[in-house]
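Taking it in order: structure first as C-alpha cells, then the write-up.
Numbering (the UniProt record's numbering), first residue to last: 1 to 228.
This is how it looks when you write it as C-alpha cells:
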C-alpha cells in the first residue's frame with residue numbers, strides 16, 4: 001500500500017460499496033503519507049479529518065470484522081476492508097502519540113455538526129478494532145501464511161497495539177497489558193518467529209512515525225516480486 005505510487009484510481013459514478021470503501025481508505029492513506037499531494041480528499045484540512053469522514057461514510061463496513069467460514073477460505077469484503085482500516089489506524093498511531101486523543105476530539109466535533117446527533121462513535125474502540133483484526137489472523141493462520149502481505153499487516157497492527165498501550169519504550173521493557181493478551185495469543189497461535197517478534201519489539205521505541213513499518217517489509221520485497 002505504501003509503495004503504491006498512483007492513488008489516482010478511476011472512480012465510476014456507481015460502484016460497489018466494497019470498492020468505494022477501498023478507494024476512499026487509499027485516499028486517507030495518501031493524505032497521511034503524502035500530505036502535500038492532491039487527491040479526492042483535498043477539501044479536508046488533515047488526514048485525521050479525512051479518516052473521521054471515511055469512518056462516518058463506511059461505518060457498516062467497519063462495525064464488524066467478519067471472517068471466512070473456513071481457515072482456507074478467502075476474506076469476505078467487510079473483513080478485508082476492516083483489516084485495511086486497521087492497518088491505516090495503526091499508521092496513524094505510529095505517526096502521532098496523541099492520535100487517540102485527537103481522533104476523539106475530531107469525532108466529537110463531527111458529531112456536534114450532525115443535525116440528528118446519530119453519528120456512530122468509534123473513538124472508544126480503537127484498541128478493540130485493532131484486536132479484532134488480529135483475531136482474524138489467529139482464526140485463519142493458513143490464509144495469512146499463504147499471502148505474506150496479510151502477515152505483514154498483522155505485524156503492523158501488533159506493533160501499533162503495543163505502542164498504543166505501552167508508549168515509546170525499549171524492547172526489554174515491553175510488558176503486555178491485560179487488554180493486549182490477544183497479541184500474546186497471536187504470537188503463539190500464528191507461530192511468529194522469535195526473529196520477527198524481536199524486530200517488532202525493536203520498533204516500539206523508535207520515533208520515526210509511520211515509516212518504522214518499512215523495516216518490517218524490506219526482506220519481503222524479493223518474495224513479492226517472485227509471486228508477481
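The C-beta atom is built at its ideal place from N, Cα and C for all residues, glycine as well.
A quick note: this is a predicted structure, and the numbers were derived from the prediction, not measured.
Query	Result
Residue 151 versus 96, 191, 49, 76, residue with shortest Cα-Cα distance	191
Boundaries of the alpha helix (DSSP H) in which residue 95 is found, first to last residue	77 to 95
Interface flag, residue 189 vs chain D, CB-CB below 8 Å	No chain D appears in this structure, which consists of one protein chain only.
Contact under 8 Å by Cβ, residue 90 with residue 139	no
Residue 207, DSSP secondary structure in three states	coil
Simplified DSSP state of residue 146, which is helix, strand or coil	helix
CA nearest to the CA of residue 155, picked from 164, 31, 80, 186	186
Under 8 Å between C-beta atoms of residue 205 and residue 169	yes
Residue 22 and residue 98 closer than 8 Å at C-beta	no
Closest by C-alpha distance to residue 16, when choosing among 77, 148, 105	77
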